[in-house]
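Here's the structure, in structure tokens; my notes come after.
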Amino acid sequence: MKHYALSAVLGLAAATSALAQEEAQLVINGDLEITTRAPAPDHLDRLSEITSGWVYRSRETQELQADDFDNPGMIFVDDARAAWATAEGAAEQSCQSCHGDPEEMAGVRPVYPKWNEDAGEVRTLAMQVNDCRETRMEAEPWGYTSGDMVNMEALMASVSRGMPINVAIDGPVAETLAKGEELYYTRFGQLELSCANCHEDNYDNNIRSDHLSQGQINGFPVYRLKNARLNATHSRFRGCVRDTRAETFSAGSPEFVALELYVASRGNGLSVEGPSVRN
Amino acid sequence: MAENVTPRVRVPSEASAGEEITIKTLISHTMESGQRRDGDGELIPRSIINRFVVNFNGENVIDVELAPAISTNPFFEFQATVPESGTFEFTWYDDDGSVYEDAKEVTVS
């Protein structure tokens, strides 16, 4: 009888531990260790541990990210490498002309979005890329979540992989950060859901068949198996807000820029993973 | 005409005689099925890789016929036994007549 009782308890423990691969470690290409669990940053007192979305995916999906040949997102990184070295616009400049090899940009992705003193605004990586295109290359800006843009973001992420997200939360960004935090806790849509309702109160639970993560954005851009392409942070935000049955903000809007800053800051300490693989 | 088609292969550069090695191949390709319609309601013509062949020193290893339901950027992983040093030759055939090729040498010690 005792034996049966013990089995039942063990069975229950197994059923409630929904985290896939509880102890799994992400090592890319056999040598690049990725931090997928970290202590929550000091300004985030509602969580004790922050976890990458990678932790919540099935083993098959997790393994796709462990090798660049298997990671379908790397195809788009290769496309961006070609774009990086291609001169465009009236100034006949390429990214390469000013910045050198893409590897020179290591350390950029972890600190974005960040304050731009000259412009007096918080800038996302996409905004900065378009500023370069317009001001320095005198070329047409890319659409905020266009293929070209998200590929370039993936290239920037890939050369910073393994580096900890380290978004500044003090100084001039305070106002934008506060706006982002307010948005995070505001309920939207007919379903009256805030970001926090799913990603803070219910991460690791299932919402129908979806295994909820903490909604961290350290893995962006994300290659999603459902649409077989890279997805930008703001596209994900739009999808989430839409799922609450609300009118969404648009990609690149001040609201989403603020939200990106705040959500990024919640992941301070996790590794840059992009392009990551999710379902 | 498919754009940005780039073949990629991974083959170990060294193997022992008779060893079973794992080969991975990937080709970036839209694999347009021919079933979809554009914004004006017109059918988008089919444009896929329809055949993939791997030879080793002239001997056929695999010969695959691909169909329209195969997803974008087809990835193949398979095992092959290498009896001697030689070259794997990879060939992809596109609906538009294009042929994409790659080759990798294996040294058997």
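Heads up: the protein sequence lines correspond to chains Y and G, in order. Read left to right, the first sequence gives residues 1 to 279 (our numbering). Read left to right, the second sequence gives residues 1001 to 1109 (our numbering). Even glycine gets a Cβ: it sits at the ideal position worked out from N, Cα and C.
In this structure, does DSSP put residue 237 of chain Y in helix, strand or coil? helix
Whose C-beta lies closer than 8 Å to the C-beta of residue 3 of chain Y among residues of the same chain, with five residues either side of it excluded? Low confidence applies here, because residue 3 of chain Y scores a pLDDT of 47, under 50, leaving its location unreliable and the question unanswered by this model.
Where the region 136 to 159 of chain Y meets chain G: residues whose CB sits under 7 Å from a CB there: none
Interface flag, residue 1024 of chain G vs chain Y, CB-CB below 8 Å: Output row for residue 1024 of chain G: interface = yes.
For the putative contact between residue 308 of chain Y and residue 144 of chain Y, defined by C-beta atoms under 8 Å, what is the C-beta separation to the nearest angstrom? The requested residue 308 of chain Y is not part of the displayed model; chain Y covers only 1 to 279.
For chain Y, check one thing: does any of its Cβ atoms lie closer than 8 Å to the Cβ of residue 1036 of chain G? no
Just confirm the distance between the C-beta atoms of residue 291 of chain Y and residue 79 of chain Y, as a whole number of angstroms; I'd bet it's less than 8 Å. The structure shown has nothing for residue 291 of chain Y, since chain Y only spans 1 to 279.
Proximity test, Cβ basis, 8 Å: residue 1013 of chain G and chain Y: No, its Cβ sits nowhere closer than 8 Å to a Cβ of chain Y.
For a quick check, are the C-beta atoms of residue 266 of chain Y and residue 26 of chain Y less than 8 Å apart? no
By a C-beta neighbour count over all protein chains shown, 10 Å radius and 16 as the cutoff for buried, is residue 1026 of chain G buried or exposed? buried
Please determine, among G/1067, G/1061, G/1083, the residue with the shortest C-alpha to C-alpha distance to residue 1077 of chain G. The shortest Cα separation from residue 1077 of chain G among G/1067, G/1061, G/1083 belongs to G/1061.
Proximal residues to residue 1028 of chain G (C-beta, below 7 Å), its chain only, five neighbours per side dropped: 1004, 1005, 1006, 1073
Separation of residue 72 of chain Y from residue 279 of chain Y, as counted between CA atoms: 12 Å
Let me see if you follow: with CB-CB separation under 8 Å, is residue 1057 of chain G close to chain Y or not? no
Hey, residue 91 of chain Y and residue 136 of chain Y are a contact pair by Cβ (cut 8 Å); roughly how many whole angstroms apart? Residue 136 of chain Y and residue 91 of chain Y do touch by the CB rule: their CB atoms are close to 6 Å apart, below 8 Å.
Residue burial classification, residue 212 of chain Y (beta-carbon count within 10 angstroms, cutoff 16): buried
Please check the pair residue 50 of chain Y and residue 270 of chain Y, which I expect to be a contact at CB under 8 Å, by giving their CB distance rounded to whole angstroms. At roughly 6 Å, the Cβ-Cβ gap stays under 8 Å, so residue 50 of chain Y and residue 270 of chain Y are in contact.
Alpha-carbon spacing of residue 128 of chain Y relative to residue 277 of chain Y, whole angstroms: 25 Å
Contact the region 107 to 123 of chain Y vs the region 232 to 249 of chain Y: 3+ CB pairs below 8 Å: no
Excluding the 5 residues flanking residue 263 of chain Y on each side, which residues of the same chain have their C-beta closer than 6 Å to its C-beta? Answer for residue 263 of chain Y: 217, listed in chain order.
Bridge partners - residue 39 of chain Y, DSSP secondary structure assignment: Y/49
Establish whether the CB of residue 85 of chain Y and some CB of chain G are separated by less than 8 Å. So, not an interface residue.
Whole-angstrom C-beta distance between residue 1084 of chain G and residue 1108 of chain G, which should lie under 8 Å: The Cβ separation is near 6 Å, so the contact holds.
Amino acids of chain Y, ordered along the chain, whose beta-carbon sits closer than 8 Å to that of residue 1073 of chain G: 72, 75, 228
Separation of residue 180 of chain Y from residue 229 of chain Y, as counted between CA atoms: 27 Å
Among residues of its own chain, excluding the 5 on either side of residue 283 of chain Y, which ones have a beta-carbon nearer than 7 Å to its beta-carbon? Because chain Y here runs from 1 to 279, residue 283 of chain Y falls outside it and cannot be looked at.
Around the C-beta of residue 104 of chain Y, are 16 or more other C-beta atoms found within 10 angstroms, so that it is buried, or is it exposed? exposed
Quick one: list the residues of chain G neighbouring residue 31 of chain Y, beta-carbon separation under 8 Å, in chain order. Neighbours of residue 31 of chain Y on chain G: none; closest Cβ ~16 Å, over 8 Å.
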